[in-house]
Amino acid sequence: MISEAQFQHELDLIIANAVREDVGDGDHSSLACIPASAQGKAKLLVKDEGIIAGVAFAQQVFHCVDPQLKMEILMEDGSPVKYGDVVFYVEGSSQSILKAERLVLNAMQRMSAIATKTQDFVSLLDGTDTKILDTRKTTPGIRALEKWAVNIGGGENHRFALYDMIMLKDNHIDFAGGITKAIQKTKDYLKEHGKDLKIIVEARNLDEVDEILRSDGVYRILLDNFDYDDTREAVKRIGDRCLTESSGGITEETIRTYAECGVNYISSGALTHSVYNMDLSLKAV
Numbered sequence: 001m002i003s004e005a006q007f008q009h010e011l012d013l014i015i016a017n018a019v020r021e022d023v024g025d026g027d028h029s030s031l032a033c034i035p036a037s038a039q040g041k042a043k044l045l046v047k048d049e050g051i052i053a054g055v056a057f058a059q060q061v062f063h064c065v066d067p068q069l070k071m072e073i074l075m076e077d078g079s080p081v082k083y084g085d086v087v088f089y090v091e092g093s094s095q096s097i098l099k100a101e102r103l104v105l106n107a108m109q110r111m112s113a114i115a116t117k118t119q120d121f122v123s124l125l126d127g128t129d130t131k132i133l134d135t136r137k138t139t140p141g142i143r144a145l146e147k148w149a150v151n152i153g154g155g156e157n158h159r160f161a162l163y164d165m166i167m168l169k170d171n172h173i174d175f176a177g178g179i180t181k182a183i184q185k186t187k188d189y190l191k192e193h194g195k196d197l198k199i200i201v202e203a204r205n206l207d208e209v210d211e212i213l214r215s216d217g218v219y220r221i222l223l224d225n226f227d228y229d230d231t232r233e234a235v236k237r238i239g240d241r242c243l244t245e246s247s248g249g250i251t252e253e254t255i256r257t258y259a260e261c262g263v264n265y266i267s268s269g270a271l272t273h274s275v276y277n278m279d280l281s282l283k284a285v
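In this text, residue positions in the sequence shown follow the working numbering: the first is 1, and each later residue adds one.
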């Protein structure tokens, strides 16, 4: 994953772009009927159940919109919530609260849904040594928020983007002329450009697993769309030579069995691309 500084830069870009998109040249609804001097207070009300996420992000949004806004946080990121819970209060300029409202809600509703789904997957792996990973199947422009939510839910990030890890998938392998050529070309490229990036290689069958193992320097082998028997056999052949990851159509019904095959990781795009937003409201008090 990227550095904390890079990650914060991504968050800053998300906030700046979201405020630009939503506010434009002014929140004219508020400007028209609420005096600039008006002070108010609002609460973040939960109308659902699951894992709350995005509280720390809301702090950043409120501070960006108006550094004078004050938050009283009652429930931290990662806390289980139920209908009727109040997560935080925010107090200060009424115009500022309303300006930030939709960005805070949009982000927290989606982040909470992802954290909740991730926690569900994590619970299914309880008692195994397998960890759940996200993917790059994220909403364009807000990847940092969605990967943050996976962490809050107890999952791990696979990689942030194309630039912080090497992942040789089927198309890379086919375009490069095969697994061995793809790996060797990658190692040559990294050496030439002075880059220290981990290499993951996808295998489509056991023969490809064997071919990958004939090359040194592979960090993890991705077992793509393997059945249970082949997954167990692949884990046996790989041993401790590198890490293993299962991926491809793994559901809540099958994830436990794949974990019991002995893989180190299971990756799932569903953590970020198949969620329903948690119902949250920001209500004046």
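The beta-carbon is built from N, C-alpha and C at its ideal position, and this holds for glycine as well. Bear in mind the structure is a predicted one, so any value in this text is a computation, not a measurement.
Could you spell out the range, first to last residue, of the alpha helix (DSSP H) harbouring residue i?
{"i": "Q184", "result": "I179 to H193"}
{"i": "A203", "result": "Looking at the DSSP string, A203 is not in any alpha helix (DSSP H); the run it does join, the beta strand (DSSP E), is I199 to A203."}
{"i": "S281", "result": "Taken as a continuous stretch (DSSP letters only), S281 belongs to no alpha helix (DSSP H), being part of the beta strand (DSSP E) at L280 to A284."}
{"i": "A32", "result": "H28 to C33"}
{"i": "V235", "result": "Y228 to I238"}
{"i": "I255", "result": "I255 to E260"}
Using the three-state DSSP reduction, which class does residue i fall into: helix, strand or coil?
{"i": "F62", "result": "helix"}
{"i": "M1", "result": "coil"}
{"i": "L125", "result": "coil"}
{"i": "R136", "result": "coil"}
{"i": "I221", "result": "strand"}
{"i": "L206", "result": "helix"}
{"i": "E156", "result": "strand"}
{"i": "L162", "result": "coil"}
Since residue i and residue j are thought to touch, with beta carbons under 8 Å apart, how far apart are those beta carbons, to the nearest angstrom?
{"i": "D135", "j": "H158", "result": "Residue 135 is actually Thr in this sequence, not Asp. About 6 Å separates the two Cβ atoms, so the contact holds."}
{"i": "R237", "j": "D210", "result": "7 Å"}
{"i": "L11", "j": "A144", "result": "6 Å"}
{"i": "E252", "j": "D120", "result": "7 Å"}
{"i": "L45", "j": "K283", "result": "5 Å"}
Over the uninterrupted beta strand (DSSP E) stretch that includes residue i, give me the two end residues.
{"i": "E245", "result": "L243 to S247"}
{"i": "Q68", "result": "Where Q68 is concerned, there is no enclosing beta strand (DSSP E), given that its DSSP letter is neither H nor E."}
{"i": "E91", "result": "V86 to S93"}
{"i": "Y265", "result": "Y265 to S267"}
{"i": "I142", "result": "Note, I142: premise wrong, no beta strand (DSSP E); not H, not E."}
{"i": "I166", "result": "I166 to L168"}
{"i": "A38", "result": "Segment: none, A38 is in no beta strand (DSSP E) and carries neither H nor E."}
Report yes if the CB atom of residue i is closer than 7 Å to the CB atom of residue j, and no otherwise.
{"i": "A38", "j": "S94", "result": "yes"}
{"i": "V150", "j": "T118", "result": "yes"}
{"i": "V87", "j": "I114", "result": "no"}
{"i": "F62", "j": "V90", "result": "yes"}
{"i": "H47", "j": "D279", "result": "For clarity, residue 47 is Lys in the given sequence; the question names His instead. Closer than 7 Å, so yes."}
{"i": "V218", "j": "T244", "result": "no"}
{"i": "D227", "j": "E202", "result": "no"}
{"i": "T186", "j": "I166", "result": "yes"}
{"i": "I14", "j": "D164", "result": "no"}
{"i": "A259", "j": "T128", "result": "yes"}
Counting C-beta neighbours from all protein chains within 10 Å, is the total for residue i 16 or more, i.e. buried, or is it exposed?
{"i": "K99", "result": "buried"}
{"i": "C261", "result": "buried"}
{"i": "L31", "result": "exposed"}
{"i": "A18", "result": "buried"}
{"i": "E76", "result": "exposed"}
{"i": "S281", "result": "exposed"}
{"i": "F160", "result": "buried"}
{"i": "V285", "result": "exposed"}
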